[in-house]
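Since the structure comes first, as structure tokens, the remarks are kept for the end.
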Amino acid sequence: MNVFRYIALIFLTTGSIVSSRGQEAVDSELYTILKQKDSLLFRAAFDTCDPATMASLFSDDFEFYHDRVGPTDGKQRFLSPMYTRCQEKDGSWVQPSKRILIEGSLVVYPLRNNGELYGAIQEGRHRFEFLNENREYQQGDIARFLHLWLLEDGQWKIKRELSYDHQSAETYTINKP
Numbered sequence: 000m001n002v003f004r005y006i007a008l009i010f011l012t013t014g015s016i017v018s019s020r021g022q023e024a025v026d027s028e029l030y031t032i033l034k035q036k037d038s039l040l041f042r043a044a045f046d047t048c049d050p051a052t053m054a055s056l057f058s059d060d061f062e063f064y065h066d067r068v069g070p071t072d073g074k075q076r077f078l079s080p081m082y083t084r085c086q087e088k089d090g091s092w093v094q095p096s097k098r099i100l101i102e103g104s105l106v107v108y109p110l111r112n113n114g115e116l117y118g119a120i121q122e123g124r125h126r127f128e129f130l131n132e133n134r135e136y137q138q139g140d141i142a143r144f145l146h147l148w149l150l151e152d153g154q155w156k157i158k159r160e161l162s163y164d165h166q167s168a169e170t171y172t173i174n175k176p
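The sequence shown begins at 0 in numbering that gives the first Met the number 0 and counts up by one.
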């Protein structure tokens with residue numbers, strides 16, 4: 000079994016059991032860096048339509064797992080539809096959707112090898128808004144996400160991403176484990 004899948008399986012099945020002692024403090028350097036990277040990633044994906052910035056944040060062997068649309072293997076395969084959509088963007092372009100990080104939901108767990116930081120697991124919840132036919136934003140789903148960040152040549156890159164537990168905002172319970 001792929002090491003990431005093993006780690007993800009353990010993490011997902013023990014989510015509420017994991018001790019908060021392993022979680023990074025919100026004022027730590029690691030937490031701050033990865034929160035900024037999260038913002039940069041989703042601003043590029045949703046606000047500015049900037050696949051080049053997104054590409055800079057992914058490992059070449061990036062894998063994406065989504066509970067509704069299935070897996071996507073590889074950075075280029077994942078980004079290809081975005082490059083196409085962004086090329087079609089013109090002066091009348093309006094941001095078709097928004098991603099909003101749910102306040103207080105972001106957590107970071109460092110990964111170390113013999114005491115040396117090599118990666119981190121970042122988990123959180125976010126909600127989405129989409130333009131309706133009247134070009135007004137309407138509430139969309141709320142979902143969980145998990146990113147496996149690794150240090151590659153001194154740069155933080157997402158190697159694996161999971162997007163799961165998508166539910167209607169009307170029925171979603173934010174405080175559930």
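C-beta atoms are modelled at their ideal positions from N, C-alpha and C, and glycine is treated no differently.
Residue nearest to Tyr136 in terms of C-alpha spacing, selected from Thr71, Met53, Phe63, Ile99: The option with the nearest alpha carbon to Tyr136 is Ile99.
Determine whether the beta carbon atoms of Ala168 and Leu29 lie at a separation below 9 Å. No, they are not a contact pair.
His125 to Leu56 span [Cα, whole Å]: Put simply, the backbone Cα of His125 is about 19 Å away from that of Leu56.
Check the C-beta distance from Ser96 over to Phe129 and give it rounded, since I have them as a contact under 8 Å. Ser96 to Phe129, Cβ: 5 Å. Contact.
Straight-line Cα distance separating Lys74 from Ala54: So the alpha carbons of these two residues sit roughly 7 Å apart.
Taking DSSP's pairing of strands, which residues face Ala44 in a bridge? Within the DSSP secondary-structure output, Ala44 pairs in no beta bridge.
Would you tell me roughly how many angstroms separate the C-alpha atoms of Asp72 and Leu161, rounded to the nearest one? As the crow flies, the alpha-carbon of Asp72 is around 12 Å from that of Leu161.
Residue nearest to Val107 in terms of C-alpha spacing, selected from Phe144, Asn133, Gln138, Phe127: Nearest C-alpha to Val107: Phe144.
What residue range is occupied by the uninterrupted beta strand (DSSP E) comprising Gln166? 154-167 is the extent of the beta strand (DSSP E) around Gln166.
Beta-bridge partners of Tyr108, as assigned by DSSP: BP columns for Tyr108 point to Ile120.
Sort Ile157, His65, Asn113 by Cα distance to Asp37 and report the nearest one. Among Ile157, His65, Asn113, the Cα nearest to that of Asp37 is on Ile157.
Spatial neighbours of Ile32 within its chain, please: C-beta separation below 7 Å, excluding the five flanking residues on both sides. The answer, listed in chain order, is Trp155.
Can you tell me which residues form a DSSP beta bridge with Arg98? BP columns for Arg98 point to Phe127.
Option nearest Asp49 by Cα separation, candidates Glu62, Leu110, Gln94: It is Gln94.
Contacting residues, own chain, Cβ-Cβ under 8 Å from Asp60 (five flanking each side not counted): Exclusion of the five residues before and after Asp60 leaves Gly73, Lys74, Lys158 as the residues of its chain whose Cβ lies within less than 8 Å of its Cβ.
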